[in-house]
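I have placed the structure first, in the form of structure tokens, so that the comments after it can refer back to it.
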Amino acid sequence: MKRNNILHYSLLGLLCWCGALLPHRASSAGTVWAGTYNLARWNIPAGDYSGITPVGQGLYAVVNDKRNGFCLWEIRQDSLTGRVMQVKEVRQVALQDRKTEPRLDLEAVSWWPERNCLLLMSEQKQTVLAYDLTGAPVDFRWPMPVEAAPEKIHANYGFESLARDEAHSCFWTCTENVLRAEGLPVGPLRREAASVPVFCLNDDGTARLAARYPTDVPRARTSGRAYCYGVSELLVLPGYGLLVLEREFFASRNYLRSWVNHTVYRVDPEALWTAGGKTVAKTPVATFRTRLNPLSYRLANFEGMAAGIRLADGRQTVLLLCDAQSGAGNRLFHLKDYLRVLVLPAKTQTKN
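Shown next as structure tokens:
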């Protein structure tokens, strides 16, 4: 009897373990996952990767929130399935004028093709910095709106997102959580939807508060050992809309039963453009959870999001990148750097 029980639970554990490796279903019809990939298989160094953007020719610029610089990766995807075939680090680039400065806490990156430069979002300075692909500074920056002054932003809940919108000749960004004037950050002590301010950074150097984005209600009831909640990234896909990545991270006191909930929503960029500071609607695209428990060791906090290739059948892929905090953990378990691929349905590609 004991032997049968041992066999039963062993098989049950194996099935659950295998199930943890399978991609979770996306929430909207036709949206599927094309795999989750441990970057260590291609010898990508462990990092604090927080943002990613395509710069052309299969190259992606990736920022690390612990370094004043970025790295360039070459990412190859299968043209039929979207699966990642290879990731290669081409080079690491230091910001030439920031080598000896305290870390900027770079949380997002976006390519500006018209000026051939990268825009880097510094959460430490709550501002956007411009650099070319050699790390040389570019003389362009936005005076952020008065609503976004650093003293009006909660610590660790500032700007973590930046998305290029070519149709409106601007970039979109938002704070991760609510502003100080709106009370405590939304989380275990304030379990309600957050009204996150979305800012428009125009190509002419002007900026404005454009709209409000409504987050989901957080699920955690305690803060545990570590906790964060809010919008971690934005991404504009021409012909599809603006994708918003919401993320709730909960680390339990003993780390077991820690989890991260991720949800991707779609917002109409035209609605953002004309909202006049009002709240915009959102549509669910995909949702997934990563966790740490006796049956699943794939806890991952995804913070970066970028456009992948368009498949042969017209479907658009999206790359999501997690922040593994340079492999934080111990011998039994440590965080790993993952790249995850979302495939959007072809029939929605013509939506505005």
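Each number in the numbering used here comes from the position in the sequence shown (counting from 1) with 16 added on.
Think of the CB as a built atom: it goes at the ideal place given N, C-alpha and C, for glycine as much as any other residue.
Under a CB-based cut-off of 8 angstroms, is residue i close to chain B?
| i | result |
| --- | --- |
| A146 | Absent from the structure is chain B; it holds one protein chain and no more. |
State the beta-bridge partners of residue i as determined by DSSP.
| i | result |
| --- | --- |
| W89 | Y76, E105 |
| A262 | Position check: residue 262 holds Glu in this sequence, whereas Ala was assumed. Paired residues: V247, T279. |
| N218 | C186 |
| S44 | Looking at the DSSP assignment, S44 forms no beta bridge with any residue, so it has no partner. |
| F379 | This structure cannot speak to residue 379, because the chain is shown only from 17 to 368. |
| I169 | L195 |
| P202 | The question names Pro, but residue 202 in the sequence shown is Val. In DSSP, V202 forms no bridge with anything. |
| L335 | A322, V357 |
| A267 | A242 |
| A223 | L217 |
| L136 | V125, L145 |
| T116 | In DSSP, T116 forms no bridge with anything. |
| A174 | Before going on, a small fix: residue 174 reads as Gly here, not Ala. Answer is none; G174 lacks a bridge partner. |
| G257 | L253 |
| T295 | R228 |
When DSSP labels each residue in this structure, what does residue i get in the three-state scheme?
| i | result |
| --- | --- |
| E123 | strand |
| A287 | helix |
| L96 | coil |
| L55 | helix |
| R237 | coil |
| L351 | coil |
| R180 | strand |
| R273 | coil |
| P230 | strand |
| V357 | strand |
| V301 | strand |
| E319 | strand |
| V252 | strand |
| P39 | Here the model assigns P39 a pLDDT of 42, short of 50, so the residue's position is not dependable and the matter cannot be decided. |
| A340 | coil |
| A110 | strand |
| A362 | helix |
| A62 | coil |
| V212 | strand |
| A328 | coil |
| V71 | strand |
What is the C-beta distance between residue i and residue j, in whole angstroms, given that I count them as a contact (C-beta under 8 angstroms)?
| i | j | result |
| --- | --- | --- |
| T47 | L360 | 6 angstroms |
| A287 | D329 | The pair is not a contact, with the Cβ atoms about 29 angstroms apart (cut-off 8 angstroms). |
| R263 | N317 | 7 angstroms |
| T189 | M137 | 7 angstroms |
| G246 | N193 | 4 angstroms |
| L355 | V100 | 6 angstroms |
| G74 | Q108 | No, G74 and Q108 are not in contact; Cβ-Cβ is about 18 angstroms, not under 8 angstroms. |
| R228 | V252 | The pair is not a contact, with the Cβ atoms about 18 angstroms apart (cut-off 8 angstroms). |
| Y302 | V280 | The sequence as given places Ala at residue 302; Tyr does not occur at that position. Sure, about 5 angstroms apart at Cβ, within 8 angstroms. |
| P285 | L258 | 5 angstroms |
| Q112 | G151 | 5 angstroms |
| E105 | W89 | 6 angstroms |
| L207 | V233 | According to the sequence displayed, residue 207 carries Arg and not Leu. That pair is a contact at about 6 angstroms. |
Does the Cβ of residue i lie closer than 7 angstroms to at least one heavy atom of the ligand NAP?
| i | result |
| --- | --- |
| Q332 | Inclusion of the ligand NAP in the displayed structure is not the case, the ligand content being empty and no account of it being possible. |
Check whether the stretch 69-79 and the stretch 50-59 are in contact - that is, three or more C-beta pairs closer than 8 angstroms. Using a C-beta cut-off of 8 angstroms, the stretch 69-79 makes no contact with the stretch 50-59, since fewer than three inter-stretch Cβ pairs fall below that distance.
Under 8 angstroms: do the stretch 273-283 and the stretch 194-206 share three or more Cβ pairs, one atom per stretch? Verdict: no, contact absent.
Between the stretch 208-226 and the stretch 149-162, are three or more C-beta pairs nearer than 8 angstroms? Yes, they touch.
With three or more beta-carbon pairs closer than 8 angstroms as the criterion, would you say the stretch 165-177 touches the stretch 111-130? Touching, yes, given that three or more Cβ pairs across the two stretches are closer than 8 angstroms.
I want to know whether the stretch 128-147 touches the stretch 87-98 - three or more CB-CB distances under 8 angstroms. The stretch 128-147 vs the stretch 87-98: no contact.
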